[in-house]
Amino acid sequence: MGLSITGGYAGDGSMHSPDHLLNTTVRSLSPPPLAVAQSPETLVTMPQAVPPQQVVGQFTCTRPTEDSLSMLGAQTPVAASLDAELRSAIPAYVDVFWDKVDPFYPVTHKSIFERHFGAAPDHLDLLSCSMAALATQFLEDKDHRVSGGRLHAYVWESTKMFTQSEEWSLPIMHAVLLSEYYARFRGRQKESHRPSARFAKLYQMVIDHQNAFTPIPARGDSLSSWKQWVDRESRRRLLAGCFMLDVHSSVYYEQHPMAMHGLDYSSPFTLPIPLSASSRKLWGAPDDHAWGQLVGGCPPVETVGTALSKPLAPETIASMPPFDASILLAASVLSLPRRRSLATVDATVAMAMDGPEFRLATLFSQSGIANTYMALHYTPLHVLLSVSGESWVFNRKVGRATLFSEHRKYLDEWCRSDQAVVAVVFAARALKGLLGLSPGLAADGGVSLVEQMRGVPWRDISDYWGVYVCALICWAYGQGGAGEHGQDDASRRTGLGWILSASEMEPGQLAAWAPSRNTLAVVCLARDVLARDCMGGRNILFADSVGVLKKLGGRDGWRGVATMAP
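Following UniProt numbering, the numbering of the sequence shown begins with 1 at its first residue and continues without gaps.
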């Protein structure tokens with residue numbers, strides 16, 4: 001099999017830039033509040049704040065050449081100050097951050113943050129705002145989400161003046177990383193999913209800070225020793241966080257990871273990215289005295305390279321801190337065999353899923369994100385986005401009508417390949433994990449399925465994208481096959497049953513399964529879950545994802561690919 005798409009993709013790597021594929025026309029699918037004429041990163045006119053009492057407690061690499069999230073240049077107005085009412089809500093939002101974000105991404109030291117220790121007040125203020133912005137994305141209320149957009153806009157604009165110098169304070173480094181994380185997956189500009197220049201600068205800065213790996217001499221309970229150790233450990237964790245965000249985004253969006261001096265992504269076994277397990281107890285010490293009691297027995301820092309050189313088993317991964325498991329997952333995805341080309345369909349894939357390329361799936365079998373990585377590894381994502389979005393990819397329109405026609409033909413060929421079968425199996429497993437699905441949900445106890453799933457426990461603010469692309473993979477594989485559609489609860493339960501069944505199958509079993517292409521109900525289930533969580537009108541990719549799923553799940557939702565069938 002081998003349909004070549006001319007002019008659509010360049011090179012033979014597994015990642016590419018959509019610039020070869022698209023022009024710069026801005027998509028109009030998003031609702032009016034998402035207009036890019038005024039970005040949330042530069043928002044000035046602000047709605048009423050939320051009262052604090054409502055707050056509940058294989059890759060080709062490139063480097064960015066400009067700050068792609070600062071598209072308006074000199075015309076961008078200076079960010080307005082936050083009003084007193086929103087500022088009064090920040091402490092409660094920060095509490096949510098410690099509860100929802102920090103357990104999985106422990107890059108900010110809580111005790112040092114709360115004690116300040118001479119840090120510039122304006123720097124700490126920006127860090128607090130960036131933490132609060134992320135926290136709002138875990139709250140089920142439109143007003144909280146709107147407040148998050150305002151906080152993010154304030155941080156994004158305000159950090160510009162502090163990132164022009166060669167040396168940044170730790171609070172500014174943390175604020176840049178957290179705001180980049182927000183922008184990639186909850187940003188409002190059409191370029192928000194791309195890495196910014198300030199993130200590239202931060203990433204290189206923490207790579208170059210080689211003394212971060214120098215052990216701290218044990219000197220009792222010295223306050224200065226504790227603060228020095230926290231400073232260096234914070235830089236280690238910033239490096240790990242930058243690495244994880246870069247790889248995660250590049251896989252989820254099928255784009256180039258960054259080319260950083262000192263890191264060779266093509267050789268994961270050489271990566272000096274530090275893990276946190278050896279410092280976990282020291283990091284959790286509430287003060288210098290408690291730290292001094294522990295520092296003598298601190299083991300040396302382990303890196304990704306040394307961890308990958310040892311035998312790993314699923315039990316080993318499960319026993320790790322979640323942060324370290326995510327770092328190793330990012331490194332492991334770099335070890336996947338490079339796909340020959342995105343312009344052809346490779347008919348040879350191990351349907352038994354027992355080759356070395358499936359090691360990642362074995363080690364991280366319970367991870368929704370890992371299964372999404374595997375599903376995307378066998379999927380031409382940008383072609384899929386083009387066809388499902390009716391020629392729109394990341395808020396840009398495919399440049400030529402003939403190219404869009406080629407995309408439909410190519411996707412049709414992919415849908416008939418073994419690669420698609422393998423991708424669908426992993427997509428079903430990913431949906432099961434990301435949505436927290438279980439057989440118990442299928443029982444109709446008088447409560448609607450979506451109501452039962454209210455407050456889906458997203459672990460990561462990017463989880464909606466994993467659900468979206470996996471639903472699209474299932475949709476494409478269905479190619480307009482029979483299935484239930486609509487708003488009724490029976491349709492959602494049909495989708496739930498399909499996911500649970502498909503997730504337990506091997507590719508050969510799925511290919512022989514009669515209902516395997518009845519995937520419309522899967523689209524409807526994903527649509528309803530995401531639509532319920534997409535609040536505030538501030539996240540362009542999130543809103544567009546819901547819009548596409550609504551079209552595909554409607555009565556005429558298959559018209560975009562109707563011509564694919566022979």
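Beta carbons: idealized from backbone N, C-alpha and C, even for Gly. Since the model is a prediction, treat every value here as computed from it, not as a measurement.
I believe Tyr410 touches Val393 by the beta-carbon criterion, under 8 angstroms. Please report the beta-carbon distance rounded to the nearest angstrom. The pair is not a contact, with the Cβ atoms about 14 angstroms apart (cut-off 8 angstroms).
What runs of the alpha helix (DSSP H), each 4 residues or longer, lie entirely inside the stretch 110-176? 110-115, 121-136, 142-158
Extract the residue ranges of the beta strand (DSSP E) inside the stretch 382-450, only unbroken runs of 3 or more that lie entirely within it. 396-398
What do you reckon, are the CB atoms on Gly389 and Ala430 nearer than 7 angstroms? no
Whole angstroms are fine: how far does the CA of Gln479 sit from the CA of Lys551? 15 angstroms
Can you have a look at Met258 and say buried or exposed, based on whether 16 or more other CB atoms are within 10 angstroms of its CB? buried
Quick check: Tyr477 and Cys524, are their CB atoms within less than 7 angstroms of each other? no
Could you check if Gln189 is buried or exposed, using at least 16 other CB atoms within 10 Å of its CB as the buried criterion? buried
Could you check the C-alpha separation between Thr519 and Leu381 for me, to the nearest Å? 18 angstroms
Expressed to the nearest angstrom, what Euclidean distance is found between the alpha-carbon atoms of Glu41 and Ala511? Because Glu41 carries a pLDDT of 42, less than 50, the predicted location of this residue cannot be relied on, and the following value inherits that uncertainty. Answer to the nearest angstrom: the Cα atoms are 46 angstroms apart.
DSSP state of Thr379 mapped onto helix, strand, coil: coil
Where Gly553 and Asp528 are concerned, what is the direct C-alpha to C-alpha distance, given to the nearest angstrom? 10 angstroms
From Leu363 to Ala89, what does the alpha carbon distance come to, in whole angstroms? 41 angstroms
Contacting residues, own chain, Cβ-Cβ under 8 angstroms from Thr303 (five flanking each side not counted): Leu271, Pro272, Ile273, Pro274, Leu275
Please confirm whether Ile327 and Met244 have their CB atoms less than 7 angstroms apart. yes
Which residue wins for smallest C-alpha separation from Glu180, given the options Tyr203, Trp168, Met161, Glu166? Tyr203
Could you give the DSSP three-state label for Thr303: helix, strand or coil? strand
How far does the alpha helix (DSSP H) with Trp465 in it reach, from first residue to last? 463-478
Report, in whole angstroms, the separation of the C-beta atoms of His407 and Trp283, which I expect to be a contact under 8 angstroms. So it is not a contact: roughly 48 angstroms between Cβ atoms.
When the distance is taken between beta carbons, is His123 closer than 7 angstroms to Pro171? yes
Enclosing alpha helix (DSSP H) for Lys227 [first to last residue]: 223-253
Find out if the Cβ-Cβ distance for the pair Lys432, Ser503 is shorter than 7 angstroms. yes
Close Cβ partners of Thr163 (< 6 angstroms) along its chain, the five nearest in sequence each way excluded: Arg198
Using alpha carbons as the reference points, say which of Arg517, Trp498, Ala423 lies closest to Pro439. Trp498
Burial state of Gly547 (16 or more Cβ within 10 Å): buried
Identify, in the order they occur along the chain, each residue of the same chain with its Cβ nearer than 6 angstroms to the Cβ of Leu385, setting aside the five sequence neighbours on each side. Val393
Rounded straight-line distance, which links the Cα of Tyr373 to that of Leu312: 19 angstroms
Does the pairing of the stretch 129-137 with the stretch 151-161 give three or more beta-carbon distances under 8 angstroms? yes
Would you check if the distance between the CB atom of Ala423 and the CB atom of Tyr378 is smaller than 7 angstroms? yes
Beta-carbon proximity check, Phe404 vs Tyr464, cutoff 7 angstroms: no
Could you give the residue range of the alpha helix (DSSP H) that holds Asp288? 288-294
Gln204: first and last residue of the uninterrupted alpha helix (DSSP H) it sits in: 197-208
From Val26 to Ala119, what does the alpha carbon distance come to, in whole angstroms? Note that Val26 scores a pLDDT of 43, beneath 50, so its modelled location is shaky and nothing firm can be said.
Inter-residue spacing [alpha-carbon to alpha-carbon] between Leu360 and Ala370: 7 angstroms
Applying the 10 Å Cβ sphere with the 16-neighbour rule, what's the burial state of Ser491? buried
Met260 - DSSP class collapsed to helix/strand/coil: coil
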